[in-house]
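See structure below.
2 protein chains.
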Amino acid sequence: MRNIKLIIEYDGTKYCGWQSQKNGISIESTIKSAIENIINEDVKLIGSSRTDAGVHARGQVANFYTETKISSEKLPFAINSKLPHDIVILSAEDMPLDFHARYSSIGKRYSYTLLNRKIPPAIMRNYVAYCPYELNFDLMKRAEGYFIGTKDFSAFKSTGSSVKTSVRTIRDLKLDKIDDYIRFEIEADGFLYNMVRIIAGTLIDVGLGKIKAEDINDIIDSKDRKRAGKTAPASGLCLEKVYYKNEDKA
Amino acid sequence: MRNIKLIIEYDGTKYCGWQSQKNGISIESTIKSAIENIINEDVKLIGSSRTDAGVHARGQVANFYTETKISSEKLPFAINSKLPHDIVILSAEDMPLDFHARYSSIGKRYSYTLLNRKIPPAIMRNYVAYCPYELNFDLMKRAEGYFIGTKDFSAFKSTGSSVKTSVRTIRDLKLDKIDDYIRFEIEADGFLYNMVRIIAGTLIDVGLGKIKAEDINDIIDSKDRKRAGKTAPASGLCLEKVYYKNEDKA
Numbered sequence: 539m540r541n542i543k544l545i546i547e548y549d550g551t552k553y554c555g556w557q558s559q560k561n562g563i564s565i566e567s568t569i570k571s572a573i574e575n576i577i578n579e580d581v582k583l584i585g586s587s588r589t590d591a592g593v594h595a596r597g598q599v600a601n602f603y604t605e606t607k608i609s610s611e612k613l614p615f616a617i618n619s620k621l622p623h624d625i626v627i628l629s630a631e632d633m634p635l636d637f638h639a640r641y642s643s644i645g646k647r648y649s650y651t652l653l654n655r656k657i658p659p660a661i662m663r664n665y666v667a668y669c670p671y672e673l674n675f676d677l678m679k680r681a682e683g684y685f686i687g688t689k690d691f692s693a694f695k696s697t698g699s700s701v702k703t704s705v706r707t708i709r710d711l712k713l714d715k716i717d718d719y720i721r722f723e724i725e726a727d728g729f730l731y732n733m734v735r736i737i738a739g740t741l742i743d744v745g746l747g748k749i750k751a752e753d754i755n756d757i758i759d760s761k762d763r764k765r766a767g768k769t770a771p772a773s774g775l776c777l778e779k780v781y782y783k784n785e786d787k788a
Numbered sequence: 539m540r541n542i543k544l545i546i547e548y549d550g551t552k553y554c555g556w557q558s559q560k561n562g563i564s565i566e567s568t569i570k571s572a573i574e575n576i577i578n579e580d581v582k583l584i585g586s587s588r589t590d591a592g593v594h595a596r597g598q599v600a601n602f603y604t605e606t607k608i609s610s611e612k613l614p615f616a617i618n619s620k621l622p623h624d625i626v627i628l629s630a631e632d633m634p635l636d637f638h639a640r641y642s643s644i645g646k647r648y649s650y651t652l653l654n655r656k657i658p659p660a661i662m663r664n665y666v667a668y669c670p671y672e673l674n675f676d677l678m679k680r681a682e683g684y685f686i687g688t689k690d691f692s693a694f695k696s697t698g699s700s701v702k703t704s705v706r707t708i709r710d711l712k713l714d715k716i717d718d719y720i721r722f723e724i725e726a727d728g729f730l731y732n733m734v735r736i737i738a739g740t741l742i743d744v745g746l747g748k749i750k751a752e753d754i755n756d757i758i759d760s761k762d763r764k765r766a767g768k769t770a771p772a773s774g775l776c777l778e779k780v781y782y783k784n785e786d787k788a
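Residue numbers (the numbering used here), protein chains in the order written: chain A, 539 to 788; chain B, 539 to 788.
Here's what the structure looks like:
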């Protein structure tokens with residue numbers, strides 16, 4: 539028995555998300571079919587993160603158990619030959635049998651990209667969220683630090699997920715502005731449901747002057763979802779990297 | 539009579555290029571229809587640059603004559619309401635009657651983006667050219683300077699265009715590398731047919747070690763198209779900006 543870890547890049551635009559749903563085609567089922575087509579076995583594909591419809595990934599991680607003899611070097615090319623152009627396997631690696639893409643993860647990094655101008659985007663329109671109202675980047679930049687640390691992020695969680703605790707540790711949050719694009723990367727030990735998109739929506743409200751950076755502590759303490767910003771659009775979100783312990787060991 | 543200058547962004551993926559062709563829908567004809575729909579006049583749309591199929595633009599410029607009373611502030615929103623999502627008018631401006639998007643131009647700036655890794659792109663795949671063979675960025679970087687200056691670029695011109703002279707002045711060429719992406723911007727007083735894509739193909743050959751940076755002078759002097767690199771794919775190319783004299787005057 540082998541346990542294969544895949545690193546996956548995808549354009550989530552046309553999918554109902556990572557996980558299979560009643561309506562729409564999922565990324566998970568598309569990759570599962572391609573693997574089964576190549577190795578002639580039924581597999582169960584375990585993803586690290588259930589990205590929503592329209593969310594992208596440069597570094598999604600999944601694992602599956604198999605008896606195949608195909609080397610991990612050759613697997614990406616073989617599986618990619620059966621995948622549509624908007625999903626690619628970047629790498630495959632043999633892991634210890636107890637490796638689990640979701641439960642072994644010790645952190646994740648997401649990016650979120652906003653286009654801030656009056657006219658909607660023609661180029662890259664599936665990879666950004668678009669805000670037509672002028673955002674004050676300096677105010678947004680000042681909000682960065684208030685999110686960092688170990689806190690109960692209940693106010694930044696959509697209902698619909700059952701998790702034991704809403705305490706998460708945000709290790710890093712950095713905003714940048716290039717021309718009309720505002721982009722941030724955020725890293726934490728884990729994220730609650732829609733947490734990055736609600737942080738994005740809150741940062742937009744800070745940029746609009748609706749929320750003061752200094753009030754973010756209060757919003758977090760309130761644990762009240764209604765006090766944080768809206769859930770920003772899926773298109774701006776991208777899962778950049780999933781972290782594991784002892785990543786150099788296999 | 540008014541002469542309106544438009545700045546246009548588009549995703550060229552689905553079009554046969556700027557100019558109308560026998561097969562496929564052109565960007566020019568799509569914008570022309572949208573304008574005519576709004577102002578109820580027949581217009582002739584003059585583009586600064588006849589971008590090829592699959593080439594994008596963040597700053598294409600076009601002009602047209604009209605008797606409409608709609609203000610230049612309102613025109614972009616009105617025209618955009620009749621355009622598909624992959625084309626947007628960024629701005630409209632009243633210009634002197636002798637302004638001509640093509641002949642009044644004094645320079646252009648393009649970008650070219652390469653993805654250099656073994657696995658093809660899933661994300662941004664319509665906005666990059668993909669090279670699976672390892673490119674030596676340092677060698678490519680060293681080639682920059684050899685292109686700068688006023689030279690006869692006949693070796694970097696596809697047949698099919700009739701121009702009086704193949705002498706052009708490249709004012710700027712700069713390569714950058716971020717992760718697996720290699721991107722350059724190039725500015726000149728004007729470009730020959732496919733010139734940026736042939737320069738991109740030549741830089742790829744430099745990165746592969748097929749062409750030495752020092753040989754670029756000889757290739758230029760030879761005026762021999764066969765000695766330069768291949769015409770790199772359209773998807774990596776984007777028209778960033780078109781320059782005009784006295785741009786602050788209207």
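Idealized CB from N, CA, C, for every residue including glycine.
Task: Residue environment, Tyr671 (chain B), which counts as buried when at least 16 other CB atoms sit within 10 Å - done: Indexing the second sequence from 1 puts residue 671 (chain B) at position 133. With fewer than 16 Cβ atoms within 10 Å of its Cβ, Tyr671 (chain B) is classed as exposed.
Task: Cβ shell of Gly774 (chain A) (< 7 angstroms), same chain only, five flanking positions each side left out - done: Working through the first sequence from its first residue, we reach residue 774 (chain A) at position 236. The residues are Tyr650, Thr651, Leu652, Val666, Ala667, Ala738.
Open item on the list: Measuring straight from C-alpha to C-alpha, what distance separates Lys607 (chain B) and Asp727 (chain B)?
Closed with: As a working note, residue 607 (chain B) is residue 69 in the second sequence. As a working note, residue 727 (chain B) is residue 189 in the second sequence. C-alpha separation (whole angstroms): 35 angstroms.
Open item on the list: Determine, for Ala616 (chain B), whether the minimum Cβ-Cβ distance to residues of chain A falls below 7 angstroms.
Closed with: Looking up residue 616 (chain B) in the second sequence gives position 78. Not one chain A Cβ lies under 7 angstroms of Ala616 (chain B).
Open item on the list: Give me the chain B residues within the contact set of His623 (chain A), using Cβ-Cβ distance strictly less than 8 angstroms, ordered along the chain.
Closed with: Counting from 1 along the first sequence, the entry for residue 623 (chain A) is found at position 85. Those are Pro658, Ala660, Arg663, listed as they occur along chain B.
Open item on the list: Beta carbons nearer than 8 angstroms to chain A: which residues of the segment 544-555 of chain B have them?
Closed with: Along the segment 544-555 of chain B, the positions whose C-beta sits under 8 angstroms from a C-beta of chain A are Glu547, Tyr548, Asp549, read in chain order.
Open item on the list: Below 8 angstroms on C-beta distance, what does Leu583 (chain A) contact in chain B?
Closed with: Locating residue 583 (chain A) in the first sequence gives position 45, counting from the first residue. One finds nothing in chain B with a Cβ atom closer than 8 angstroms to the Cβ of Leu583 (chain A); even the nearest lies about 17 angstroms away.
TODO: Starting from His594 (chain A), find everything on chain B with Cβ-Cβ shorter than 8 angstroms and list it in chain order.
DONE: Indexing the first sequence from 1 puts residue 594 (chain A) at position 56. Within 8 angstroms Cβ-Cβ: Ile661.
Task: DSSP state of Ile573 (chain A) mapped onto helix, strand, coil - done: Counting from 1 along the first sequence, the entry for residue 573 (chain A) is found at position 35. It is helical.
- [ ] Go ahead and pull the three-state DSSP assignment for Asp786 (chain B).
- [x] Indexing the second sequence from 1 puts residue 786 (chain B) at position 248. Confidence at Asp786 (chain B) is low in this model, with a pLDDT of 49, below 50, so the placement of that residue should be treated as unreliable; the coordinate-derived value is given next. Coil.
- [ ] Leaving out five residues on either side along the sequence, give the residues of the same chain with a beta carbon under 8 angstroms from the beta carbon of Thr568 (chain B).
- [x] Taking the second sequence and counting its residues from 1, one reaches residue 568 (chain B) at position 30. Sequence-distant partners of Thr568 (chain B) (beyond 5 residues in either direction) whose C-beta falls short of 8 angstroms from its own C-beta, in its chain, are Tyr553, Leu621, Pro622, Ile625.
Task: Selection from B:Tyr782, B:Asn578, B:Cys776 that minimises the alpha carbon distance to Asn664 (chain B) - done: Against the second sequence, residue 664 (chain B) aligns to sequence position 126. Of the listed residues, the one whose Cα sits closest to Asn664 (chain B) is B:Cys776.
- [ ] With DSSP as the reference, label Asp690 (chain B) as helix, strand or coil.
- [x] Here residue 690 (chain B) corresponds to residue number 152 of the second sequence, with the count starting at 1. Here Asp690 (chain B) sits in strand by DSSP.
Open item on the list: Is the beta carbon of Tyr781 (chain B) closer than 7 angstroms to that of Ile627 (chain B)?
Closed with: The count along the second sequence starts at 1 and reaches residue 627 (chain B) at position 89. The count along the second sequence starts at 1 and reaches residue 781 (chain B) at position 243. In this structure, Tyr781 (chain B) does not lie closer than 7 angstroms to Ile627 (chain B) by Cβ.
Task: Start and end residues, alpha helix (DSSP H) containing Phe615 (chain B) - done: Translated into positions along the second sequence, residue 615 (chain B) becomes position 77. Unbroken alpha helix (DSSP H) run through Phe615 (chain B): 613-618.
Open item on the list: At the 7 angstroms Cβ level, is Val626 (chain A) part of the contact set with chain B, yes or no?
Closed with: By one-based count along the first sequence, residue 626 (chain A) stands at place 88. Yes, contact with chain B.
Task: For Thr707 (chain A), the residue or residues it bridges with in DSSP - done: On the first sequence, residue 707 (chain A) is found 169 positions in, with the first residue counted as 1. Per DSSP, A:Thr688.
- [ ] Rounded to whole angstroms, what's the CA-CA distance from Glu741 (chain A) to Asp718 (chain A)? Just pull it up for me.
- [x] The sequence position of residue 741 (chain A) within the first sequence is 203, counting from 1. The sequence position of residue 718 (chain A) within the first sequence is 180, counting from 1. Note that residue 741 (chain A) is Leu in the sequence shown here, rather than Glu. Going by the C-alpha atoms only, they are around 16 angstroms apart.
TODO: Could you tell me whether any Cβ in chain A is nearer than 7 angstroms to the Cβ of Asp786 (chain B)?
DONE: Within the second sequence, numbered from 1, the residue matching residue 786 (chain B) stands at position 248. For Asp786 (chain B), the pLDDT reaches just 49, beneath the cut-off of 50, and the residue's location in the model is therefore unreliable, although a value from the coordinates is still provided. So, not an interface residue.
Task: Alpha-carbon to alpha-carbon, Thr604 (chain A) and Glu579 (chain A) - done: Taking the first sequence and counting its residues from 1, one reaches residue 579 (chain A) at position 41. Taking the first sequence and counting its residues from 1, one reaches residue 604 (chain A) at position 66. Approximately 8 angstroms between the Cα atoms of the pair.
Open item on the list: For Asn654 (chain B) and Asp549 (chain B), what's the separation of their Cα atoms in angstroms?
Closed with: Against the second sequence, residue 654 (chain B) aligns to sequence position 116. Against the second sequence, residue 549 (chain B) aligns to sequence position 11. Taking the straight line joining both Cα atoms gives about 22 angstroms.
Task: Contiguous beta strand (DSSP E) assignments of at least 3 residues, all confined to the segment 702-773 of chain A - done: 705-716, 719-726
Task: Segment contact, 8 angstroms Cβ cut-off, at least three pairs: the segment 703-710 of chain B with the segment 675-691 of chain B - done: yes
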